[in-house]
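Worksheet: the structure to be examined is printed underneath.
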Ligand SMILES: [Zn+2]
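Residue numbers (the working numbering): 2 to 231.
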């Protein structure tokens, strides 16, 4: 049977990650939201209207995967439906992080996916970061927009909005967010530095073997030459 971390510890971890998101400038004001699976049917989620840098463990909201509030005095994040959709569709997901890191958000605004095979670790751990269709905040369109991606990828850019990542625990979901932002930064810098070397098909095959060895099954397979001819 799957072992879950105690709720008290999870509450502390969510606050710690919230603090990191805020300190690193991945969110400003009350932006962003974090959730963690407590067990098969329940999650903890950050409340609406509170800065992720100033949360207390008791302010978190407990919900079931039907969207009912089952604990906590605050209202959950307005984007909790997006988190719940991820848990419903992919049982391997145990944590979801949403933020507005500036470089990833710029890719999301330009609606440009991150898919060039230029960084070995990025190809292995992240793969492709697709762009989900735009949806107005708080609408059903937001959770619906991520449906095509939550099973096969590790992160998705939300068009004209921000970045969503997930993982088998909160640390993995958060590190993926950091890695996608770093990937975006490198892609952006390459525009100034020159034509990057892209891994060829054979090299990508080798990187996919390493990915498999690490037990990572999602991320999609980046292909070289996608930008050629654009
Ligand atoms: Zn947002």
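We treat Cβ as the ideally placed atom computed from N, Cα and C, and that holds for glycine.
- For the stretch 49-127, the continuous alpha helix (DSSP H) assignments of 4+ residues that do not extend past its boundaries occur at 81-90, 103-111 and 121-126, in sequence order.
- A straight-line Cα-Cα distance of about 11 Å links residue 183 and residue 115.
- DSSP places residue 156 inside the beta strand (DSSP E), whose first and last residues are 156-159.
- For residue 197, the CB contacts under 8 Å within the same chain, skipping 5 residues up- and downstream, are 117, 119 and 191 in chain order.
- Relative to ligand 1, the beta carbon of residue 168 is positioned no closer than 7 Å to any heavy atom.
- Shown here, residue 180 sits in a helix according to DSSP, grouped into three states.
- Contact between residue 181 and residue 127 holds: CB atoms are separated by about 6 Å, below the 8 Å threshold.
- For the pair residue 159 and residue 37, the CB atoms are not nearer than the 8 Å cut-off.
- Of the heavy atoms belonging to ligand 1, at least one sits nearer than 7 Å to the Cβ of residue 32.
- Residue 38 sits in a strand when the DSSP states are folded into three classes.
- At a cut-off of 7 Å, the beta-carbon of residue 142 does not count as near ligand 1: no heavy atom of the ligand is closer than that.
- As DSSP reads the structure, residue 44 sits in a beta bridge with 38 and 64.
- Around the Cβ of residue 140, a 10 Å sphere holds fewer than 16 other Cβ atoms; the residue is exposed.
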